[in-house]
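K.L.:
In the working numbering, the protein residues as written are 7 to 419.
For every residue, glycine included, the Cβ atom is placed at its ideal position computed from N, Cα and C.
Shown below is the structure under consideration.
What follows is the structure in structure tokens.
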């Protein structure tokens with residue numbers, strides 16, 4: 007049960023002040039955000055990969071090959087149950103690249119600022135609530151030719167619960183392209199990978215499971231839960247989508263979705279944009295959280311406000327967000343997938359004409375890229391230009407809006 011009152015702040019403040027273990031203060035939605043945001047951090051080589059674990063323990067024959075006569079009891083136990091043997095969060099800081107003050111690897115670009123990641127990681131490592139959680143089964147996939155970006159990691163809580171964290175969209179055009187592809191294609195490769203990851207982790211280890219993810223990661227968490235066998239679904243306790251996109255209307259009304267909907271918690275900032283893409287079924291449990299900033303930066307979970315072990319909530323989304331949801335989803339429902347696909351392809355040709363691979367580079371590189379991008383835009387046919395202008399108009403109208411009904415009471419990260 008959530009406690010009344012508590013320290014007000016952001017998730018960063020929460021991990022500094024909530025030190026009681028999960029047996030005293032049960033796992034809650036703010037904890038789910040903690041593990042979702044942790045999934046954005048670069049994964050050190052010391053974390054075993056899912057492929058490595060399956061190669062070593064994936065079958066009985068493979069486990070028998072690992073038998074060590076010097077440790078017969080432990081080896082016998084490992085035959086019956088795959089050992090977890092993860093890396094504890096408290097031990098991660100010594101070799102985590104960002105925590106050591108180095109730049110994050112370029113293979114894992116992220117919108118999360120390095121200074122925020124460093125402080126977050128070090129705080130978790132020193133907090134007894136989180137420090138004993140073990141990380142394992144890392145998986146990272148990045149395919150430019152297939153417009154696919156996927157990453158996931160599994161955390162084991164002290165009581166044996168497995169928390170699977172799906173990484174959201176990173177700072178690459180490839181990652182953003184896959185998000186846009188969701189508007190006309192189902193499933194996209196990352197969604198299939200998410201279900202496959204859950205299935206493989208559940209095959210390795212027993213115990214209850216919780217799924218969490220921010221942005222696209224939230225969508226992947228829900229998709230994975232919908233698309234695994236019933237015996238695995240029965241182990242899933244809760245599913246958290248932190249401002250994750252929704253699904254096509256046909257999916258949201260499917261029996262697969264109905265089987266898990268009572269376990270879904272969707273958290274959105276008061277002026278959400280990303281979380282309102284595609285259908286947002288009312289049967290889900292929705293939490294509208296107050297943010298300490300306006301506009302598109304509300305999407306960052308580090309800017310959401312907390313009150314003790316709960317989010318600081320508001321009754322409803324801003325009028326601009328509600329209008330965006332109605333307009334964007336009407337547009338998606340009334341345009342054939344082929345037209346949307348052509349428009350998305352055209353948009354990313356324009357962005358790629360900048361010569362950059364990351365949206366952040368495009369946003370900060372000044373005016374020098376404009377002529378090439380404009381030339382690409384002018385070269386599109388009239389319908390492609392119209393699609394781009396319609397979509398960008400809706401997004402920018404919501405992204406630049408101010409919600410007068412919310413008093414922002416904390417500074418942004």
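Quick one: Cα of residue 399 to Cα of residue 332, how far?
P.N.:
So the two alpha carbons sit approximately 14 Å from each other.
K.L.:
For residue 381, which residues in the same chain have their Cβ closer than 8 Å to its Cβ, ignoring the five residues on either side in sequence?
P.N.:
Excluding residues within five positions, the ones whose Cβ falls inside 8 Å are 359.
K.L.:
Which of the three DSSP states is assigned to residue 44 in this structure?
P.N.:
In this structure, residue 44 counts as helix in the three-state DSSP scheme.
K.L.:
For residue 406, collect the residues of the same chain with a Cβ closer than 7 Å to its Cβ; drop the 5 residues on either side in sequence, then sort them by chain order.
P.N.:
Cβ within range, chain order: 301.
K.L.:
Go to residue 414, then tell me how far its beta strand (DSSP E) extends in each direction, as first and last residue.
P.N.:
Careful: residue 414 lies outside any beta strand (DSSP E) and carries neither H nor E.
K.L.:
If we ignore side chains and look at the alpha-carbon of each, how far apart do residue 128 and residue 285 end up?
P.N.:
The straight-line gap from Cα to Cα measures roughly 38 Å.
K.L.:
What residue range does the alpha helix (DSSP H) around residue 63 cover?
P.N.:
Its alpha helix (DSSP H) spans residues 56-63.
K.L.:
So, are the CB atoms of residue 244 and residue 269 less than 7 Å apart?
P.N.:
Closer than 7 Å, so yes.
K.L.:
Assign residue 336 to one of two classes, buried (16 or more other C-beta atoms within 10 Å of its C-beta) or exposed (fewer than that).
P.N.:
Exposed, by the Cβ-count rule.
K.L.:
Where do the ends of the beta strand (DSSP E) carrying residue 291 lie?
P.N.:
Here the beta strand (DSSP E) through residue 291 covers 291-295.
K.L.:
With three or more C-beta pairs closer than 8 Å as the rule, is the region 44-54 touching the region 343-352?
P.N.:
No, because fewer than three Cβ pairs between the region 343-352 and the region 44-54 fall closer than 8 Å, the two stretches do not touch.
K.L.:
Over the uninterrupted beta strand (DSSP E) stretch that includes residue 220, give me the two end residues.
P.N.:
Taken as a continuous stretch (DSSP letters only), the beta strand (DSSP E) holding residue 220 covers 215-220.
K.L.:
May I ask you to verify whether the region 211-225 touches the region 243-263, counting CB pairs closer than 8 Å and requiring at least 3?
P.N.:
As far as the Cβ criterion goes, the region 211-225 touches the region 243-263, which means the pair count is three or higher.
K.L.:
For the structure I just gave you, are there three or more beta carbon pairs, one from the region 144-163 and one from the region 173-185, closer than 8 Å?
P.N.:
Enough Cβ pairs lie closer than 8 Å, so yes.
K.L.:
Can you tell me whether residue 108 is helix, strand or coil according to DSSP?
P.N.:
Low confidence applies here, because residue 108 scores a pLDDT of 48, under 50, leaving its location unreliable and the question unanswered by this model.
K.L.:
Please report the straight-line C-alpha distance between residue 183 and residue 191, rounded to a whole angstrom.
P.N.:
The alpha-carbon atoms of residue 183 and residue 191 are separated by roughly 12 Å.
K.L.:
Return the Cβ separation of residue 216 and residue 167 in integer angstroms, given the expectation that the two are a contact with Cβ distance under 8 Å.
P.N.:
Going by Cβ atoms, the distance from residue 216 to residue 167 rounds to 6 Å, so yes, they are a contact pair.
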